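A.B. asks: If you read the sequence shown in our numbering, its first letter stands for residue 390, the second for the next number, and so on. Quick one: structure below, then a few questions.
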Amino acid sequence: MPKFSFYENSQKVLDQAFKQLNISEDVVNVLTAPERVIEFSIPVRMDNGKIQVFTAYRSQYNSARGPTKGGIRYHPSVTLDEVKALSFLMTFKCAVANLPLGGGKGGVIVDSKKLSKGEKERLSRGYVRGIFDFVGPTKDIPAPDMYTDSQTMAWMSDEYNTIARGQHPGFITGKPLSIGGSEGRDDSTAKGAYYIIMDMLREFKLDATKQKVAIQGFGNAGINLAKMLMKEGMLIVALSDSKGGVCDMKGIDVEHAIKTKQEKGRIAEVHVEPDKKYGKSCKHITNEQLLELEVDFLVPAALENQINESNAKKIKAKYIVELANGPVTYDADQILEKKGIQLIPDVLANAGGVTVSYFEWVQNRYGQYWTREEVYSKLKEIMNKEFKNLLKVAKKHKVSFRTAIYMIAIERVAEAVRAKITG
């Protein structure tokens with residue numbers, strides 16, 4: 390078990406950055422506490438006629454730079470600690486991308502796989518009713534997250550508009566295109582990480598065709614990134630989902646893996662031949678084994694705290710790109726740094742999602758919509774610029790990439806906080 394909770398781990402990264410910056414105690418106090426945390430109950434009439442009550446949360450961490458922004462997840466493991474941590478990460482993720490937004494996050498404790506479509510709709514509309522007074526296009530803008538999608542956002546958007554007695558497409562992002570969604574939102578998280586990895590190949594003078602990649606997590610982001618990297622000639626050698634994984638050092642056909650996952654429900658059903666070097670472990674592997682493979686790029690794209698103090702010393706990857714939120718604990722981070730592993734932090738690596746969500750919000754506000762190519766072009770420009778900023782700050786201050794990216798983000802948020810502090 391990690392020594393610190395997800396929220397505590399998230400907070401601890403601030404300490405290293407604060408040491409490098411001249412931040413006043415007043416600003417530090419503001420940055421280390423959420424502005425508002427909402428806990429509420431959602432009674433839902435189930436298909437069997439009975440009422441079931443679900444616990445829900447919304448955390449609005451900091452709005453100094455603009456309205457808070459962040460997804461809503463439906464999962465049995467949702468906790469208040471997790472929601473606070475994710476809203477913390479969103480605050481600095483928005484700042485890293487230099488978006489005029491703050492950080493928020495929401496969640497419901499529910500196994501959405503067990504809900505009928507009607508039950509999920511009633512739950513989603515109930516969530517909006519519970520937070521209506523605290524959200525809106527200029528207050529807090531939700532989006533999809535784990536086990537919520539464009540359909541969920543459509544229900545929530547409709548419920549908000551019904552209560553508000555008007556059309557407010559900018560209330561929520563990740564909507565279907567037909568009701569104000571944005572082109573490019575479907576694969577934006579993966580696309581942002583893809584641009585970062587392409588920058589890494591150029592910066593570190595790496596041949597794409599000689600890079601072995603392992604991806605833990607085969608959801609939307611993991612699938613799309615695997616496809617993008619395979620097209621660049623990178624060798625996808627290991628993939629996993631919540632039910633286990635598969636490894637083939639000769640390379641996995643990603644399209645075949647996707648088809649297998651769709652047909653059989655698990656990535657481990659992909660057929661590969663055992664490798665001479667890795668033996669039987671090269672056929673079916675656990676999520677833990679995937680993390681410890683000898684690869685060039687390791688992409689944690691599943692849950693938080695996957696790389697921790699207990700397994701960090703076993704990590705053999707040269708580069709880690711955090712596609713998931715908080716996949717590496719604070720203690721593990723220190724170990725990886727000593728091992729010389731270059732790590733691109735989540736607040737930059739997966740910032741593509743919130744960046745294109747911001748684009749959707751802007752398009753909704755102006756009533757003008759961009760092509761997929763325009764969205765990708767704008768996203769690429771932001772990701773490339775902030776990667777260069779990361780390298781510049783890390784080199785200048787001789788700090789890790791994580792400390793450097795938080796130095797950039799904290800200074801941007803702190804500047805906004807200082808402008809609003811009185812006395």
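In this text, a Cβ means the ideal position worked out from N, Cα and C, and glycines have one as well. Please read these numbers as outputs of a predicted model, since none were measured by experiment.
1) Counting pairs of Cβ atoms below 8 Å between the segment 445-460 and the segment 425-437, do you hit three or more?
2) Between which two residues does the beta strand (DSSP E) harbouring R462 extend?
3) Does the separation of the CB atoms of T744 and L768 fall below 8 Å?
4) Quick check on E800 - is its C-beta less than 8 Å from some C-beta in chain D?
5) Can you confirm whether the segment 760-778 touches the segment 689-707 when touching is taken to mean that 3 or more C-beta pairs between the two stretches lie within less than 8 Å?
6) Could you spell out where the alpha helix (DSSP H) holding Q400 opens and where it closes?
7) So, do the segment 548-567 and the segment 590-608 have three or more beta carbon pairs nearer to each other than 8 Å?
8) What ranges does the beta strand (DSSP E) occupy inside the segment 471-524, keeping only unbroken runs of at least 3 residues that lie completely in it?
9) Which residue wins for smallest C-alpha separation from P423, given the options Q752, L478, N437?
10) Excluding the five sequence neighbours on either side, which residues of its own chain have a C-beta within less than 6 Å of the C-beta of G496, listed in chain order?
11) Quick one: measure Cβ to Cβ for L490 and P456, integer angstroms, because I've assumed they're closer than 8 Å.
12) Locate the beta strand (DSSP E) running through R425, then write down its first and last residues.
13) What does DSSP give as the partner residues of G633 in its beta bridges?
14) Can you tell me which residues form a DSSP beta bridge with K601?
15) If G741 and L679 are in contact, beta carbons under 8 Å, what's the gap, nearest whole angstrom?
16) Report the residue ranges of all beta strand (DSSP E) runs contained in full by the segment 648-727; include only those spanning at least 3 residues, in chain order.
17) Is the separation between the beta-carbon of V659 and that of T649 shorter than 8 Å?
18) Measuring only the C-alpha atoms, how far is N773 from I585?
19) Which residues mark the beginning and the end of the beta strand (DSSP E) in which V442 is found?
20) For my contact list, E572 and R761 are in at a C-beta cut-off of 8 Å; report their separation, rounded to the angstrom.
21) Out of K639, R511, H464, G460, which one is the CA nearest neighbour of G438?
22) Near T480, what residues of its chain come up, given a Cβ to Cβ distance below 7 Å and the 5 sequence neighbours on each side ignored?
23) For D470, which residues in the same chain have their Cβ closer than 7 Å to its Cβ, ignoring the five residues on either side in sequence?
24) Taking Cβ positions, are F607 and L628 nearer each other than 8 Å?
25) Are L737 and E775 close, meaning C-beta to C-beta below 8 Å?
26) Where does the unbroken alpha helix (DSSP H) through Q731 begin, and where does it stop?
C.D. replies: Taking the structure as given:
1) yes
2) Against the sequence shown, residue 462 aligns to sequence position 73. Run containing R462: 457-464, per the beta strand (DSSP E) assignment.
3) Within the sequence shown, numbered from 1, the residue matching residue 744 stands at position 355. Within the sequence shown, numbered from 1, the residue matching residue 768 stands at position 379. Yes; because the gap between Cβ atoms is below 8 Å, this pair is in contact.
4) Looking at the structure shown, chain D is missing, and only one protein chain is on hand.
5) no
6) Mapped onto the sequence shown, residue 400 falls at position 11. First-last of the alpha helix (DSSP H) with Q400: 395-409.
7) no
8) 491-498
9) Looking up residue 423 in the sequence shown gives position 34. Selected option, being the one with the closest Cα: L478.
10) By 1-based counting over the sequence shown, the position of residue 496 is 107. Correct list, in chain order: Y446, R462, V467, V472.
11) Along the sequence shown, read from residue 1 onward, the residue named residue 490 stands at position 101. Along the sequence shown, read from residue 1 onward, the residue named residue 456 stands at position 67. At roughly 6 Å, the Cβ-Cβ gap stays under 8 Å, so L490 and P456 are in contact.
12) Walking along the sequence shown from the start, residue 425 turns up at place 36. Here the beta strand (DSSP E) through R425 covers 425-434.
13) Here the question's residue 633 lines up with position 244 in the sequence shown. BP columns for G633 point to D630.
14) Here residue 601 is taken as the residue at index 212 of the sequence shown, counted from 1. L624.
15) For the purposes of this step, residue 741 is taken as residue 352 along the sequence shown, with counting starting at 1. For the purposes of this step, residue 679 is taken as residue 290 along the sequence shown, with counting starting at 1. Contact flag wrong, Cβ pair sits at about 23 Å.
16) 686-689, 708-710
17) Position 270 of the sequence shown, counted from the first residue, corresponds to residue 659. Position 260 of the sequence shown, counted from the first residue, corresponds to residue 649. Yes.
18) Position 384 of the sequence shown, counting from 1, holds the residue named residue 773. Position 196 of the sequence shown, counting from 1, holds the residue named residue 585. If I take the Cα positions, the gap works out to 7 Å.
19) On the sequence shown, position 53 is the one that residue 442 refers to. Where V442 is concerned, the enclosing beta strand (DSSP E) stretches over 440-451.
20) Position 183 of the sequence shown holds residue 572. Position 372 of the sequence shown holds residue 761. So it is a contact: roughly 4 Å between Cβ atoms.
21) Position 49 of the sequence shown, counted from the start, is the residue given in the question as residue 438. Nearest option by C-alpha distance: R511.
22) Reading the sequence shown from its first residue, position 91 is the one you call residue 480. Closer than 7 Å at the Cβ level, and outside the excluded window around T480, lie Y450, N451, G491, G492, V802.
23) As a working note, residue 470 is residue 81 in the sequence shown. So the qualifying residues of the chain are S394, F395, Y396.
24) Here residue 607 refers to the residue found at position 218 of the sequence shown. Here residue 628 refers to the residue found at position 239 of the sequence shown. Yes, the pair counts as a contact, with Cβ atoms nearer than the cut-off.
25) Within the sequence shown, residue 737 is the residue found at index 348, counting from 1. Within the sequence shown, residue 775 is the residue found at index 386, counting from 1. Contact flag set, yes.
26) Residue numbering aside, residue 731 sits at position 342 when the sequence shown is read from its first letter. No alpha helix (DSSP H) holds Q731; the beta strand (DSSP E) holding it covers 731-733.
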